[in-house]
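Residues 2 to 150 in this note's numbering are what the sequence shown spells out, letter by letter. Working notes for the structure below.
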Amino acid sequence: NALADREMQKDKRIGELELQCQEMEAQATTQLAAAVAMQAQALQAHKSVVTELEVLKSAMAERQSMQLSKSRLEKAMQQKTREVEALEQMVAQLRTEREEQGNVVAPEVSIRRRVSSQGQLLEELEAAVQISDLPLSMEAESGDWQAEI
Numbered sequence: 002n003a004l005a006d007r008e009m010q011k012d013k014r015i016g017e018l019e020l021q022c023q024e025m026e027a028q029a030t031t032q033l034a035a036a037v038a039m040q041a042q043a044l045q046a047h048k049s050v051v052t053e054l055e056v057l058k059s060a061m062a063e064r065q066s067m068q069l070s071k072s073r074l075e076k077a078m079q080q081k082t083r084e085v086e087a088l089e090q091m092v093a094q095l096r097t098e099r100e101e102q103g104n105v106v107a108p109e110v111s112i113r114r115r116v117s118s119q120g121q122l123l124e125e126l127e128a129a130v131q132i133s134d135l136p137l138s139m140e141a142e143s144g145d146w147q148a149e150i
């Protein structure tokens, strides 16, 4: 009887240990599933960060490109301004020379600036030069200056 009791106790103990092993295995499986889910979330978060970094990198490249374009535009505007100033000086010099030569009508120059739809400053120079061959004295050799006009 004692031997049968011992065998029964052993079987009972083995059953308890098997049950504990199954419970521990179930817990381990649950924990592993939770760890896999957390890893998936971490991977998704990493992908989101990478995507955001790519967008930021693209935006920074676009900003740098815009700054470069702005710099080029400013240089072009400065060059056009210098060209207009040079033309204005030439017109003033021509006006002075024509007046010194005795022409009655001095050159007239109009300079217009307008901004295009792209925001670039375009400078357009229109010169309307009227040169008169009238002598300064208004008296022609024949004495009839109106006839010569």
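All C-beta atoms in this analysis are idealised placements derived from N, C-alpha and C, irrespective of residue type, glycine included.
Residue i versus residue j: straight-line alpha-carbon distance, rounded
i: A3; j: A29; result: 38 Å
i: Q102; j: R96; result: 10 Å
i: V51; j: L88; result: 55 Å
i: K11; j: Q21; result: 15 Å
i: E100; j: Q94; result: 10 Å
i: E8; j: R14; result: 10 Å
i: L74; j: Q42; result: 47 Å
i: Q32; j: E24; result: 12 Å
i: E98; j: K58; result: 60 Å
i: E53; j: E63; result: 15 Å
i: R115; j: L69; result: For R115, the predicted model reports a pLDDT of 38, less than 50, meaning its position is unreliable; a value from the coordinates is still stated below. Looking at the two C-alpha atoms, the distance is approximately 23 Å.
i: L171; j: E84; result: Because the chain spans 2 through 150 in this model, residue 171 falls outside it and cannot be assessed.
i: L18; j: A27; result: 14 Å
i: D6; j: A38; result: 48 Å
Beta-carbon proximity list for residue i, same chain, < 6 Å, skipping 5 on both sides
i: A77; result: none
i: A36; result: none
Beta-carbon contacts of residue i that lie in its chain and below 7 Å, excluding the five residues immediately before and after
i: Q65; result: none
i: G16; result: none
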